[in-house]
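*Asks:* The numbering used here puts the first residue of the sequence shown at 64, with every later residue one more than the last.
Sharing a structure below in structure tokens format, with a few things to ask.
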Amino acid sequence: MMRRLLAFGVVLCSLAASPTSAEAPYPSRPVTWIVPFSAGSVYDNTARIIGKVLGDKLGQPVIVENKPGASGIIGTQLVQQAKPDGYTMLYSGVSPLAIYPWLYKKLPYTPLTSFVPVNGVFDTTPILVVNAAKPYETVNAFVDYLRKNPGKVNYGATLGGLVHLTGEMLQVATGTSMQVVPYTDFAKLYADLISGTIDGMFDFTATIRPYVEAGKVIPLAVASVQRLDAFPNVPTFKESGIDVTMTAWAIVVMPAGTPSGIVQRMSTAFAETMRDPAVAKYLEQNNFGNLGDLGPEKLRELIVSETAKYKVLVERSGVSVE
Numbered sequence: 064m065m066r067r068l069l070a071f072g073v074v075l076c077s078l079a080a081s082p083t084s085a086e087a088p089y090p091s092r093p094v095t096w097i098v099p100f101s102a103g104s105v106y107d108n109t110a111r112i113i114g115k116v117l118g119d120k121l122g123q124p125v126i127v128e129n130k131p132g133a134s135g136i137i138g139t140q141l142v143q144q145a146k147p148d149g150y151t152m153l154y155s156g157v158s159p160l161a162i163y164p165w166l167y168k169k170l171p172y173t174p175l176t177s178f179v180p181v182n183g184v185f186d187t188t189p190i191l192v193v194n195a196a197k198p199y200e201t202v203n204a205f206v207d208y209l210r211k212n213p214g215k216v217n218y219g220a221t222l223g224g225l226v227h228l229t230g231e232m233l234q235v236a237t238g239t240s241m242q243v244v245p246y247t248d249f250a251k252l253y254a255d256l257i258s259g260t261i262d263g264m265f266d267f268t269a270t271i272r273p274y275v276e277a278g279k280v281i282p283l284a285v286a287s288v289q290r291l292d293a294f295p296n297v298p299t300f301k302e303s304g305i306d307v308t309m310t311a312w313a314i315v316v317m318p319a320g321t322p323s324g325i326v327q328r329m330s331t332a333f334a335e336t337m338r339d340p341a342v343a344k345y346l347e348q349n350n351f352g353n354l355g356d357l358g359p360e361k362l363r364e365l366i367v368s369e370t371a372k373y374k375v376l377v378e379r380s381g382v383s384v385e
């Protein structure tokens, strides 16, 4: 009898020590990747390409969900409020984390305390494109037109975002004025640009190239230090005598409180994904810099330094959204 009781006790201890579902290796179910911008945006396009490879690395599907609204604030706040268990992550650009703190007095999250950095994805530079039927084919002709027609040219942008700020910086650099037309739907923005409802916009290689190749829009200048391989005949603003340089970046963060082991697991998977030949080739073809080697600590440093930089740029531009 005593032996049977001891054996039963051993079985109970063994059961108590066995892994529960909560202790299963991470991830044990699909991961949701929130894109706080609409379908057709550069973040949406890249998330769907990268997410497939990332899912293969993790052994679980990565489900991309678009949660646009309030210039990306709605989707960002959804991730802030999510359970910090590693199954919800945010695909953020520079605007929600480094620009909005200087534009919104009551931002519903604090970038460095509401989130934990996970891994870098890419950086890139905005390009000024205009409707092909407009009366300017060079950036200097565009600026001359702005000077002769103050306030009569408009451009589309996500209000308060980096491309909006780029337009504001162009006005500061040239002493001109344009009207910004706010958009949250990128498909609508491009439809209006092609129809001539709006005159121009700033966007990135991956999204504008099909329209450039179809002759529907004309690229006038890039906000990078050097010309882009995808558009070798398009000058930089700098070489055109215009003091405008801007860099957009995209990173992944999770809700604050996410266990460090989970953050590191996801960071490692992202780093592997960004080295994948198919992903690396896509980034190179579309003038994206690969930030896959930026882990949590380096990302925190990036957010801190970029937040300080954009405080100066926002003050210099005088842009306001409230």
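From the three backbone atoms N, C-alpha and C, an ideal C-beta is built for every residue, glycine too.
(1) Taking the Cβ atom as the reference point for each residue, do N182 and I314 lie within a distance shorter than 8 Å?
(2) At what residues does the beta strand (DSSP E) containing Y218 begin and finish?
(3) Please give the ranges of any beta strand (DSSP E) in the region 81 to 149, keeping only runs that are unbroken, at least 3 residues long and fully inside the region.
(4) Does the region 126 to 135 come close enough to the region 98 to 113 that 3 or more CB-CB pairs lie under 8 Å?
(5) If contacts are defined as beta-carbon pairs under 8 Å, then V125 and W96 qualify, I think. What distance do you get, rounded to the angstrom?
(6) Quick one: using the 10 Å Cβ neighbour count with 16 as the cut-off for buried, is A371 buried or exposed?
(7) Buried or exposed: where does S380 fall if 16 or more other Cβ atoms within 10 Å of its Cβ makes it buried?
(8) Would you mind working out which of R338, E364, S368 sits nearest G352, comparing C-alpha positions?
(9) Label G278 either buried or exposed according to how many other C-beta atoms from any shown protein chain fall within 10 Å of its C-beta, with 16 as the threshold for buried.
(10) If you compare alpha carbons, which of L365, F300, P282, V342 is closest to Y199?
(11) Check for me: the alpha helix (DSSP H) holding S158 runs from which residue to which?
(12) Whose C-beta lies closer than 6 Å to the C-beta of L121 among residues of the same chain, with five residues either side of it excluded?
(13) In this structure, how does DSSP classify P282 when only helix, strand and coil are distinguished?
(14) Looking only at its own chain, which residues have a Cβ that is under 8 Å from the Cβ of A343, when we skip the five neighbours before and after it?
(15) Taking Cβ to Cβ, would you say N203 is nearer than 8 Å to L256?
(16) Count the other CB atoms within 10 Å of the CB of A70; is the residue buried (16 or more) or exposed (fewer)?
(17) Between L160 and P174, what straight-line distance do the alpha-carbon atoms span, to the nearest angstrom?
(18) Between E369 and P93, what straight-line distance do the alpha-carbon atoms span, to the nearest angstrom?
(19) Give the DSSP bridge partners of Q242, in chain order.
(20) What does a CB cutoff of less than 6 Å around V244 pick up in its chain, not counting 5 residues either side in sequence?
(21) Please give the ranges of any alpha helix (DSSP H) in the region 255 to 306, keeping only runs that are unbroken, at least 4 residues long and fully inside the region.
(22) Please look up how many angstroms separate the CB atoms of A110 and V127, rounded, as I've assumed it's under 8 Å.
(23) For V184, tell me which candidate among S330, V382, K197 has the shortest Cα-Cα distance.
(24) Where does V384 fall in DSSP's three states?
(25) So, at 6 Å on beta carbons, what are the nonlocal neighbours of P147 in its own chain, with the 5 sequence-adjacent residues on each side left out?
(26) Terminal residues of the continuous alpha helix (DSSP H) containing L209?
(27) Please state the DSSP three-state secondary structure of G352.
(28) To the nearest angstrom, report how far apart P164 and N108 are at their CA atoms.
(29) Between I325 and the rest of its own chain, which residues show a CB-CB distance below 7 Å, the 5 nearest in sequence each way excluded?
(30) Which of the three DSSP states, helix, strand or coil, is assigned to T308?
*Replies:* To lay it out plainly:
(1) Yes, the Cβ-Cβ distance between N182 and I314 is below 8 Å.
(2) Taken as a continuous stretch (DSSP letters only), the beta strand (DSSP E) holding Y218 covers 217 to 220.
(3) Note on the region 81 to 149: whole beta strand (DSSP E) runs with a minimum of 3 residues are 94 to 98, 125 to 129, in chain order.
(4) The region 98 to 113 is in contact with the region 126 to 135.
(5) That pair is a contact at about 5 Å.
(6) It counts as exposed.
(7) That one is buried.
(8) When only C-alpha atoms are compared, the closest one is R338.
(9) Classification of G278: exposed, given that the 10 Å Cβ count is below 16.
(10) Shortest Cα-Cα distance from Y199 to any of L365, F300, P282, V342 involves P282.
(11) The continuous stretches of alpha helix (DSSP H) do not include S158, and DSSP gives it neither H nor E.
(12) Answer for L121: P90, A332, listed in chain order.
(13) Strand.
(14) Excluding five sequence positions before and after A343, the CB atoms of its chain that fall closer than 8 Å to its own CB belong to M337, N353, given in chain order.
(15) At least 8 Å separates the beta-carbon of N203 from that of L256.
(16) With a pLDDT of only 44 at A70, under the threshold of 50, the placement of this residue in the model should not be trusted; the figure read from the coordinates follows. That one is exposed.
(17) Each residue's alpha carbon lies about 5 Å from the other.
(18) P93 has its alpha-carbon roughly 32 Å from the corresponding atom of E369.
(19) BP columns for Q242 point to N217.
(20) Cβ-Cβ distances below 6 Å link V244 to N217, G219, I261 in the same chain, with the five nearest sequence neighbours on each side left out; the list follows chain order.
(21) Listed in chain order, the complete alpha helix (DSSP H) runs (minimum 4 residues) inside the region 255 to 306 are 268 to 276.
(22) That belief holds up - the Cβ atoms of A110 and V127 are roughly 5 Å apart, short of 8 Å.
(23) With distances taken between Cα atoms, V184 lies closest to S330.
(24) In the three-state scheme derived from DSSP, where H, G and I count as helix and E and B as strand, V384 is classed as coil.
(25) Around P147: P318, G320, T321.
(26) Start and end: 202 to 211.
(27) Strand at G352.
(28) Roughly 26 Å between the two C-alpha positions.
(29) Contacts found: Y89, G149.
(30) Under the three-state reduction of DSSP, T308 is assigned to coil, being neither helix nor strand.
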